[in-house]
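Below: the structure, in structure tokens.
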Amino acid sequence: MRILNNIITAGLLCVSITTYGQHTTMTTPTVKISGNCGMCKKTIEKAGNSADSKIDWNEDNQTASISFNAEKTSLDAVLKKVALAGYDNEKYLAPATTYADLHGCCQYDRTLSAPPANPENTPESKEESSGLTSVVKAGSFQTIYDQYFQLKDALVASDYKTVSTAAAKLSSLLTALKSNDLTAAEQQAWKAQANAITQHAKALQEAKDLAKQRVAFVSVSEEVYKLAKSSKPALPVYQQKCPMFNGGKGATWLSLNKDVKNPYYGAQMLTCGSTIQTIQ
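For the sequence shown, my numbering gives the first residue as -3, with consecutive numbering after it.
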């Protein structure tokens, strides 16, 4: 009986040592994760927290301490979850559509431009991001594209005030763009389009009614299209055309969705138009 008790005790000790060893694999690096507010903190931490990982995000300096069990998961896998929830970080950039769906106060300035990894290369990708578009590297014009899509959506909704606000932000982004940060191809495109797109964005910003905003949006769309051809957006973009606008001459716009939602007529003729090209 004493021998049996010793065997049982030894077995329990081995289990205890093994369990302790598992706990000692916890790693806690600090990484950059973009965000704005307390709502961002809640979403970021919810996305990354699990039985094998825990995130503590700091709103003041936009960094996060991430504790994770290196035997069960990886920093890469945790940051991928955060990006798929809408938040750019050191490894991944969030999909533009996910970012656009964030609450207004959570739509941080997208300043991160370091080459992100592709989540399709991680083992967890297919299971965790089913139905979502993979995060891919964004070009230097990505913040312009993202703001353009918000502007387009506001026109679809026929929301004059939101259009004005989005146009003002687009103008600010265009003014702040530094050509030294661009690739050679992007510099060439920017040199050709800078004056025109800046002027058209300003005209849209200063437009006094929705009708004038839509007229100005025609030219803005044409210039953004030229940029997109030189520096591909992070996601496939669809160039769509309404044959009726602009006095029957037609007008194009860019969209992240294949389904047509016409920014020139809004609810009046929401589905008027067709996709004429895909940029990817």
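In this text, a Cβ means the ideal position worked out from N, Cα and C, and glycines have one as well. Just so we're clear, the structure is a prediction, and the values are computed from it rather than from any experiment.
Beta strand (DSSP E) segment containing Ser46, residue limits: Neither: Ser46 is in no beta strand (DSSP E) and is coded neither H nor E.
ask   = Short check: CB of Leu231 to CB of Ala212, under 7 Å?
value = Their beta carbons are not under 7 Å apart, which means Leu231 does not touch Ala212 by this criterion.
Quick check on Asp52: does DSSP put it in helix, strand or coil?
If DSSP states are grouped into helix, strand and coil, Asp52 belongs with the strands.
Notebook entry, point to check: How far does the alpha helix (DSSP H) with Asn191 in it reach, from first residue to last?
Noted result: Here the alpha helix (DSSP H) through Asn191 covers Ala180 to Glu202.
Distance check for Lys204 and Ser126, CA to CA, integer angstroms please. Only weak support is given to the placement of Ser126: the predicted model assigns it a pLDDT of 34, under 50, and the question is left unresolved by the model.
As a quick exercise: from Trp249, Asp52, Lys50 and Phe145, pick the residue whose alpha carbon is nearest that of Thr94.
That would be Phe145, whose Cα lies nearest to the Cα of Thr94.
Flag this pair as yes or no: are the beta carbons of Trp53 and Ile62 separated by less than 7 Å? It is not a contact, given that the beta carbons lie outside the stated cut-off.
Task: C-beta atoms of Gly243 and Val256 nearer than 7 Å - done: In this structure, the beta-carbon distance from Gly243 to Val256 does not fall below 7 Å.
Return the bridge partner residues of Ser61 from the DSSP annotation.
Its beta-bridge partners are Thr26 and Asp52.
Verify whether the separation of the beta carbon atoms of Cys238 and Ala224 is less than 7 Å.
No, the pair does not count as a contact, with Cβ atoms beyond the cut-off.
- Determine the DSSP secondary structure at Gln277, reduced to helix, strand or coil. No answer is possible for residue 277: the residues shown for the chain start at -3 and end at 276.
Consider the Cβ of Lys228: report whether some Cβ of chain C lies at a distance smaller than 7 Å. Absent here is chain C; the protein component of the structure consists of one chain.
* **Identity of the residues DSSP links to Ser251 by a beta bridge** => The partner list for Ser251 (beta bridge, DSSP) reads Tyr234.
Check Val256 in the structure and name its three-state DSSP category. DSSP, read as helix, strand or coil, puts Val256 in coil.
| said: For Glu86 and Leu108, I'd like the C-alpha separation in whole angstroms. | reply: Distance between the alpha carbons of Glu86 and Leu108: 8 Å.
Restricting to Cα atoms, I'd like to know which of Asp105, Thr69 and Leu89 is closest to Ala287. Missing from the structure shown is residue 287; the chain here goes from -3 to 276 and no further.
Q. Can you give the beta carbon distance from Glu219 to His196, rounded, assuming they're within the 8 Å contact cut?
A. Confirmed, Cβ separation roughly 6 Å.
Check your understanding: Looking only at its own chain, which residues have a Cβ that is under 8 Å from the Cβ of Leu170, when we skip the five neighbours before and after it?
Key -> Ile140, Ala190, Ile193, Thr194 and Ala197.
Original post:
Cα-Cα, which of Asp56, Thr59, Lys50 and Ala153 is closest to Ala66?
Top reply: Looking only at Asp56, Thr59, Lys50 and Ala153, the smallest Cα-Cα distance to Ala66 is reached by Lys50.
Just curious, the alpha helix (DSSP H) that Ser270 is in, first and last residue?
-> That residue, Ser270, is in no alpha helix (DSSP H); its beta strand (DSSP E) goes Ser270 to Ile275.
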